[in-house]
Amino acid sequence: MNINWDDVFAAYRELETTRCMLRKPTMDDASIIFDMMSKTEVTQYLGRLPMAIHEEAVKQVEKYVNGLDQQMSMTWIICDRESGEPMGTMSLFNLIKTHCRAEIGYLLLPEWWGKGIMSEVMRATLAYGFSSMQLHSM
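Residue numbers for the sequence shown follow my numbering, beginning at 1483 and rising by one.
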């Protein structure tokens, strides 16, 4: 299958679920990224230490934005649909275009844990990856 990756990335869009809206990250999201990634319970399985300074979060958001611009990854900021409050991130990354494959990663603020948020967001992300991006595996 020959996929036009320019078209795939140009079609990047917000995703919606019953309770969440997934939107494009902006530099304004550095504070929420720092809030999440400075917590040991959030970063414990990432193979990295919690963030210690806000500048690390700025660099992380730059990585999200550049990943989309360079057609290497897609990241969304997960927000509560009613309030717009950011709750976490969802990413399709380590994209292997020749095999139509990507990895999935996510972060969620602890106060949103145990509410089924990631199950809901994961279903929407998988549907987007398989249909809109034409991925074979995630």
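Note that the Cβ used here is the ideal one computed from N, Cα and C, for glycine as well.
Contacting residues, own chain, Cβ-Cβ under 6 Å from residue i (five flanking each side not counted)
{"i": "glycine 1549", "result": "Ser1555"}
Cut-off 7 Å between Cβ atoms - residues of its own chain near residue i, not counting five sequence neighbours on either side
{"i": "isoleucine 1610", "result": "Checking the sequence, you will find tyrosine at residue 1610 rather than isoleucine. So the list reads Leu1497, once near-sequence residues are dropped."}
{"i": "lysine 1521", "result": "Pro1532 and Pro1592"}
{"i": "isoleucine 1515", "result": "Ala1539, Gln1542 and Val1543"}
{"i": "alanine 1493", "result": "Ser1614"}
Range covered by the alpha helix (DSSP H) that runs through residue i
{"i": "threonine 1580", "result": "Counting along the chain, threonine 1580 falls outside any alpha helix (DSSP H), and DSSP gives it neither H nor E."}
{"i": "aspartate 1489", "result": "1487 to 1492"}
{"i": "methionine 1600", "result": "1599 to 1609"}
{"i": "methionine 1503", "result": "Segment 1502 to 1505 is the beta strand (DSSP E) holding methionine 1503; no alpha helix (DSSP H) there."}
{"i": "glutamate 1544", "result": "1536 to 1551"}
{"i": "threonine 1522", "result": "1522 to 1525"}
{"i": "phenylalanine 1516", "result": "1512 to 1519"}
C-alpha distance - residue i paired with residue j, whole-angstrom precision
{"i": "glycine 1570", "j": "methionine 1604", "result": "12 Å"}
{"i": "tyrosine 1546", "j": "valine 1540", "result": "10 Å"}
{"i": "isoleucine 1586", "j": "phenylalanine 1575", "result": "6 Å"}
Residue i: first and last residue of the uninterrupted beta strand (DSSP E) it sits in
{"i": "methionine 1556", "result": "1556 to 1562"}
Beta-bridge pairing of residue i - partner residues as DSSP gives them
{"i": "tyrosine 1588", "result": "Met1572"}
{"i": "glutamate 1498", "result": "Met1503"}
C-beta contact flag for residue i and residue j at 8 Å
{"i": "aspartate 1517", "j": "valine 1543", "result": "no"}
Neighbourhood of residue i by C-beta, 8 Å cutoff - its chain only, sequence neighbours within 5 removed
{"i": "valine 1524", "result": "Met1518, Pro1532, Leu1589, Leu1590, Leu1591 and Pro1592"}
{"i": "isoleucine 1599", "result": "Arg1501, Cys1502, Ile1560, Met1569, Gly1570 and Leu1590"}
{"i": "glycine 1566", "result": "Met1503"}
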